[in-house]
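Participant:
In UniProt numbering, the protein residues as written are 1 to 474.
Take a look at the structure:
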């Protein structure tokens, strides 16, 4: 006979099991809670260890990636410093003292020629100053990236060597400002800095520098600035031997023609670049490239049509300065932005990408940099053109750069394209069409007779808005 059922439904069976579990829990409460607590603690510890391990692995990967990025950036910056130093060292084919001795002889010869002021010292000082500033800026970036490292010390050492050349050139310039007689006396007494024993010892150290020996084994392409320096240094080194002037000519030119002083107004300084020897001529003739600086932000089509280089070439954009435009030469950018309050200039690697960004900024779709605007005030003069020149004042400028990197500035004589519209200043040659309507409300005619409409050219109109002329006045 089967055993009778204790629970006739499923609910009764579940309820009985629940009561049984409660009785067991009441009896073994402490043991059960201790076991659960221990299991929970073990789970929490395992989870914390796993999270800590994952955090350490992630942190190690991040530090490794940052270290690699810093190493790559440090290598690039150090390579840039070495390239600038090699570009300068390649030009000093003999010894630096021999180069500055030749520089001195060239200045003395030009100083004894009537109406031929020599600006050799000033040009060398300018180019060396640009090189030193660039190397110091790169050295500062090295310090920000990696702190005090071996590369930073090497970059500082190379910068000090180039600063030594700049000191020699400035010493020659100071002697020339005292007069040709004083400069010749200092040279004969070996009191010039490049003639001192200490400088000779430093030069000997420069000649055995490993970076100079690496020039022949691993030549690198020079930047445009180094090419300018190369042209100037080669001109001085390869200049033809000057004939010794006779005594009569020396007596007639006892008062040397010195370069203009630093306090001379910029309007008095000639903007003509120095002449170059025929030994620098090569294929290509006297072809020049023209870059334009506008008083108002030009349309992208105009900039693209007048860009002389390839679209993949680099350069600079001056969005806020004495003029607005795209340029490929740093001296032009410096002349348009130096001393200008609120100026903005930026370097770009590709012209087409920079023009696309300029188009977006002009349309208000991008805020990559301030809206292009010409600023007419400058607290400092520049070497390319005078701020007070009436022929260049309030005019669009054309910068002509020849194959020797000489820069000539002239006003734009051609009429600007019609795409400029009403943004062109008065008298610029741009003509727009203005709508003029004649009203019949002030006349005695019938009111149903329509007024007369006509179109006149903008240079004949007084206002740019539509003009209403009554019949009585007509």
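C-beta atoms are modelled at their ideal positions from N, C-alpha and C, and glycine is treated no differently.
Give me the Cα-Cα distance between residue 398 and residue 412, rounded to the nearest whole angstrom.
Facilitator: Your numbering for residue 398 matches position 398 in the chain shown. Your numbering for residue 412 matches position 412 in the chain shown. Roughly 6 Å separates the two Cα atoms.
Participant: Note down, one range per segment and in chain order, each beta strand (DSSP E) of at least 3 residues found wholly within the stretch 325 to 395.
Facilitator: Correct list: 325 to 327, 344 to 348.
Participant: Taking C-beta to C-beta, are residue 128 and residue 142 nearer than 8 Å?
Facilitator: Within the chain shown, numbered from 1, the residue matching residue 128 stands at position 128. Within the chain shown, numbered from 1, the residue matching residue 142 stands at position 142. Contact: no.
Participant: My understanding is that residue 301 touches residue 351, with C-beta atoms under 8 Å, so please give their C-beta distance in whole angstroms.
Facilitator: The residue you call residue 301 lines up with position 301 of the chain shown. The residue you call residue 351 lines up with position 351 of the chain shown. Rounded, the Cβ-Cβ distance is 14 Å, inconsistent with contact.
Participant: How should residue 29 be labelled, buried or exposed, when 16 other C-beta atoms within 10 angstroms of its C-beta is the threshold for buried?
Facilitator: Here residue 29 corresponds to residue number 29 of the chain shown, with the count starting at 1. Exposed, by the Cβ-count rule.
Participant: Looking only at its chain, what residues have a beta carbon closer than 7 Å to the beta carbon of residue 104, apart from the 5 residues adjacent to it on each side?
Facilitator: Position 104 of the chain shown, counting from 1, holds the residue named residue 104. Excluding positions up to five away in sequence, the list reads 172, 187.
Participant: Does the stretch 385 to 396 come close enough to the stretch 337 to 344 that 3 or more CB-CB pairs lie under 8 Å?
Facilitator: At 8 Å Cβ cutoff, the stretches do not touch.
Participant: Going along the chain, which residues of its own chain have a beta-carbon closer than 8 Å to the beta-carbon of residue 156, five neighbours each way excluded?
Facilitator: Sequence index remark: in the chain shown, residue 156 carries index 156 (1-based). Same-chain partners within the cutoff: 139.
Participant: Taking the alpha helix (DSSP H) that residue 58 falls in, what are its first and last residues?
Facilitator: Stepping through the chain shown from its first residue, residue 58 is reached at position 58. Counting along the chain, the alpha helix (DSSP H) containing residue 58 begins and ends at 29 to 91.
Participant: With 16 as the cutoff for other CB atoms within 10 Å, does residue 185 come out buried or exposed?
Facilitator: Residue mapping note: residue 185 aligns to position 185 of the chain shown, counting from 1. It is exposed - the Cβ of residue 185 has fewer than 16 other Cβ atoms within 10 Å.
Participant: My output table needs one value for residue 175: the three-state DSSP class, helix, strand or coil.
Facilitator: Here residue 175 refers to the residue found at position 175 of the chain shown. Correct three-state label for residue 175: helix.
Participant: Would a C-beta distance cut-off of 8 Å place residue 169 and residue 124 closer than the cut-off?
Facilitator: Position 169 of the chain shown holds residue 169. Position 124 of the chain shown holds residue 124. Yes. Within cutoff.
Participant: Output needed for residue 373: all residues of its chain with C-beta closer than 8 Å, excluding positions within five of it in sequence on either side, in chain order.
Facilitator: Locating residue 373 in the chain shown gives position 373, counting from the first residue. So the qualifying residues of the chain are 297, 319, 320, 324.
Participant: Apply the 10 Å Cβ neighbour rule to residue 79 and answer buried if 16 or more other Cβ atoms are within range, or exposed otherwise.
Facilitator: Your numbering for residue 79 matches position 79 in the chain shown. Exposed: under 16 other Cβ atoms inside 10 Å.
Participant: Below 7 Å CB to CB, which residues in the same chain sit around residue 304 once its five sequence neighbours on both sides are set aside?
Facilitator: The residue you call residue 304 lines up with position 304 of the chain shown. Closer than 7 Å at the Cβ level, and outside the excluded window around residue 304, lie 355.
Participant: For a test of the three-state rule: what should DSSP assign to residue 7, helix, strand or coil?
Facilitator: The residue given as residue 7 occupies position 7 in the chain shown. Reduced to three states, the DSSP call for residue 7 is coil.
Participant: Return the chain-ordered list of same chain residues with a C-beta closer than 6 Å to the C-beta of residue 154, the five sequence neighbours on each side being excluded.
Facilitator: Taking the first residue of the chain shown as 1, we reach residue 154 at position 154. Hits under 6 Å: none found.
Participant: What do you get for residue 16, buried or exposed, if any count of 16 or more other CB atoms within 10 angstroms of its CB means buried?
Facilitator: The residue labelled residue 16 in the question sits at position 16 within the chain shown. That one is exposed.
Participant: Considering only C-alpha positions, which residue in the set 53, 367, 130, 56 is nearest to residue 159?
Facilitator: Taking the first residue of the chain shown as position 1, residue 159 is located at position 159. Comparing Cα-Cα distances from residue 159 to each of 53, 367, 130, 56, the minimum goes to 130.
Participant: Are the beta-carbon atoms of residue 55 and residue 146 separated by less than 8 Å?
Facilitator: Along the chain shown, read from residue 1 onward, the residue named residue 55 stands at position 55. Along the chain shown, read from residue 1 onward, the residue named residue 146 stands at position 146. No; because the gap between Cβ atoms is not below 8 Å, this pair is not in contact.
Participant: Would you tell me roughly how many angstroms separate the C-alpha atoms of residue 455 and residue 309, rounded to the nearest one?
Facilitator: Position 455 of the chain shown, counted from the start, is the residue given in the question as residue 455. Position 309 of the chain shown, counted from the start, is the residue given in the question as residue 309. With a pLDDT of only 41 at residue 455, under 50, the local geometry of the prediction cannot be trusted, and no value is derived from it.
Participant: Near residue 400, which residues of its chain fall below 6 Å by C-beta distance, leaving aside the five closest residues on each side in sequence?
Facilitator: What you label residue 400 is simply residue 400 of the chain shown in a count that begins at 1. So the qualifying residues of the chain are 288, 290, 408.
Participant: In whole angstroms, give me the CA-to-CA distance for residue 385 and residue 114.
Facilitator: Numbered from its first residue, the chain shown carries residue 385 at position 385. Numbered from its first residue, the chain shown carries residue 114 at position 114. Cα-Cα distance, rounded: 25 Å.
Participant: Using the three-state DSSP reduction, which class does residue 98 fall into: helix, strand or coil?
Facilitator: Within the chain shown, the letter at position 98 stands for residue 98. DSSP places residue 98 in helix when its eight states are reduced to three.
Participant: Here's a check: name, in chain order, each residue in its chain whose Cβ is nearer than 7 Å to the Cβ of residue 7, leaving out the five neighbours to either side.
Facilitator: Along the chain shown, one-based indexing puts residue 7 at 7. So the qualifying residues of the chain are 13, 16.
Participant: If you reduce the DSSP assignment to three classes, tell me which class residue 408 lands in.
Facilitator: As a working note, residue 408 is residue 408 in the chain shown. Here residue 408 sits in strand by DSSP.
Participant: Using three-state DSSP, classify residue 113 as helix, strand or coil.
Facilitator: In the chain shown, residue 113 corresponds to position 113, counting from 1. Residue 113: coil per DSSP, three-state reduction.
Participant: Do residue 120 and residue 107 count as a contact pair if the criterion is CB distance below 8 Å?
Facilitator: Taking the chain shown and counting its residues from 1, the one referred to as residue 107 is at position 107. Taking the chain shown and counting its residues from 1, the one referred to as residue 120 is at position 120. Yes, Cβ-Cβ distance for residue 107 and residue 120 is below 8 Å.
Participant: Just reading off the alpha helix (DSSP H) that residue 401 is part of, what are its end residues?
Facilitator: The residue labelled residue 401 in the question sits at position 401 within the chain shown. Per DSSP, residue 401 belongs to no alpha helix (DSSP H); it is in the beta strand (DSSP E), 397 to 401.
Participant: Distance check for residue 366 and residue 357, CA to CA, integer angstroms please.
Facilitator: In the chain shown, counting from the first residue as 1, residue 357 sits at position 357. In the chain shown, counting from the first residue as 1, residue 366 sits at position 366. Each residue's alpha carbon lies about 8 Å from the other.
Participant: Quick check on residue 440: does DSSP put it in helix, strand or coil?
Facilitator: To locate residue 440, count along the chain shown from 1; it is residue 440. Confidence at residue 440 is low in this model, with a pLDDT of 43, below 50, so the placement of that residue should be treated as unreliable; the coordinate-derived value is given next. Correct three-state label for residue 440: coil.
Participant: Which class does residue 294 belong to by DSSP, given the choice of helix, strand or coil?
Facilitator: As a position in the chain shown, residue 294 is number 294, starting the count at 1. Reduced to three states, the DSSP call for residue 294 is strand.
Participant: Considering only the alpha carbon of each residue, which of 99, 111, 194 lies closest to residue 179?
Facilitator: To locate residue 179, count along the chain shown from 1; it is residue 179. Nearest C-alpha to residue 179: 111.
Participant: Could you pull the start and end residues of the beta strand (DSSP E) that residue 146 belongs to?
Facilitator: The sequence position of residue 146 within the chain shown is 146, counting from 1. No beta strand (DSSP E) contains residue 146, which is instead part of the alpha helix (DSSP H) from 120 to 146.
Participant: Could you tell me the boundaries of the alpha helix (DSSP H) in which residue 305 lies?
Facilitator: Position 305 of the chain shown holds residue 305. Element bounds for residue 305: 300 to 305.
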